[in-house]
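Counting from 1, one number per residue, gives the positions in the sequence shown under the UniProt record's numbering.
Ideal Cβ placement from N, Cα and C applies to all residues, glycine included.
These figures come from a predicted structure and were not determined experimentally.
See structure below.
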Amino acid sequence: MACGLQIKDEESSYNKNLFCIPKHYEEDLERVFIPHGLVLDRNGECLARDIIQDMGSHHIVALRVLKGGYKFFADLLDHIKVLNQNSDKSVPITVDFVRIKSYCSDSPTEKINIIGEELSTLNGKNVLVVEDIIETGRTMRALLSKLKDYKPKMVKVLSLLIKRTHQSSGYKPGYTDKFVVGYALDYNEYFRDLNHICILKEKAKEKYKI
Ligand SMILES: O=P(O)(O)OC[C@H]1O[C@H](OP(=O)(O)OP(=O)(O)O)[C@H](O)[C@@H]1O
Ligand SMILES: Nc1nc2[nH]cnc2c(=O)[nH]1
Numbered sequence: 001m002a003c004g005l006q007i008k009d010e011e012s013s014y015n016k017n018l019f020c021i022p023k024h025y026e027e028d029l030e031r032v033f034i035p036h037g038l039v040l041d042r043n044g045e046c047l048a049r050d051i052i053q054d055m056g057s058h059h060i061v062a063l064r065v066l067k068g069g070y071k072f073f074a075d076l077l078d079h080i081k082v083l084n085q086n087s088d089k090s091v092p093i094t095v096d097f098v099r100i101k102s103y104c105s106d107s108p109t110e111k112i113n114i115i116g117e118e119l120s121t122l123n124g125k126n127v128l129v130v131e132d133i134i135e136t137g138r139t140m141r142a143l144l145s146k147l148k149d150y151k152p153k154m155v156k157v158l159s160l161l162i163k164r165t166h167q168s169s170g171y172k173p174g175y176t177d178k179f180v181v182g183y184a185l186d187y188n189e190y191f192r193d194l195n196h197i198c199i200l201k202e203k204a205k206e207k208y209k210i
């Protein structure tokens, strides 16, 4: 499967005044990091085609990791449905959900809560885990370890963003400490209603802190 686009931290971010931002978030955002159009273009037909090619030999269960992944997941499924309708080869896709909460404000918490564990439907299936962001990798490691119990035939992970961070626990290397929001990525539940993926201002972290 394609390994994605490498985006260099601030160098490649954009002045937010060039974009449509909801009034209620104007003061909270530093820069636009990934414009909505770019997200939609990358998360398009090509990605859907790669998934079908890689996993399409058998019924796919798309496992959505809530809450953050909902926009990414919905847009991706739309593309897979179009492919299924328009090509010679088509594959049934069912969906399942798992809710994982590990962050409070911009910090990982001790406990990784996996909620909604009735995942026996994954037994013997090709499972596509769809996540919005991987930072330290702790959440994904906990989930993958849990999934093993259900004996899937194959598990692949698709993440909208993989951060380069010094906090990485080994799932992926790199570094950036910017906290990003938008396209359903939140900061204490705010900013999911923002289309572009943006860098949050430090003072907004205080404003929305719980
Ligand atoms: O790689 P990690 O450092 O573990 O971080 C990644 C996790 O953080 C976010 O979840 P969050 O706890 O904010 O829940 P949410 O999906 O409801 O936003 C995100 O959706 C990932 O699941
Ligand atoms: N919204 C959001 N969630 C995260 N979880 C881990 N890192 C991040 C981040 O930068 N933004």
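Between ligand 1 and the CB of residue 64, the shortest heavy atom gap is not smaller than 7 Å. A distance below 6 Å between beta-carbons, with the five flanking residues on each side excluded, links residue 210 to the following residues of its chain, in chain order: 188. The closest heavy atom of ligand 2 lies less than 7 Å from the beta carbon of residue 133. Per DSSP, the unbroken alpha helix (DSSP H) holding residue 84 starts and ends at 70-86. Between residue 85 and residue 95, the alpha-carbon positions lie close to 18 Å from each other.
Distances from the CA of residue 194 to each of 18, 36, 69 were compared; the closest alpha carbon is that of 36.
Annotation: residue 77 to residue 41 spans about 14 Å, alpha carbon to alpha carbon. Inter-segment contact for the stretch 43-52 and the stretch 17-35 is absent: fewer than three beta-carbon pairs are separated by less than 8 Å. Distances between the C-beta of residue 67 and the heavy atoms of ligand 1 include at least one below 7 Å. Checking the DSSP bridge columns, you'll see residue 108 partnered with 103. DSSP places residue 192 in the coil class of the three-state scheme, outside both helix and strand. Contact annotation: residue 97 and residue 66 have beta-carbon atoms nearer than 8 Å. Where residue 184 is concerned, there is no enclosing beta strand (DSSP E), because DSSP gives it neither an H nor an E.
Following the DSSP letters along the chain, one finds residue 31 in no alpha helix (DSSP H) but inside the beta strand (DSSP E) bounded by residues 29-34. Three or more beta-carbon pairs separated by less than 8 Å are not found between the stretch 47-66 and the stretch 12-19, which leaves the two stretches without contact.
Within the same chain, Cβ atoms closer than 6 Å to the Cβ of residue 92 are found at 59, the five residues on either side in sequence being excluded. Ranked by Cα distance from residue 154, the options 132, 133, 125, 163 are led by 125. In the three-state scheme derived from DSSP, where H, G and I count as helix and E and B as strand, residue 5 is classed as coil. Look at residue 46 here: in three-state DSSP terms it is helix.
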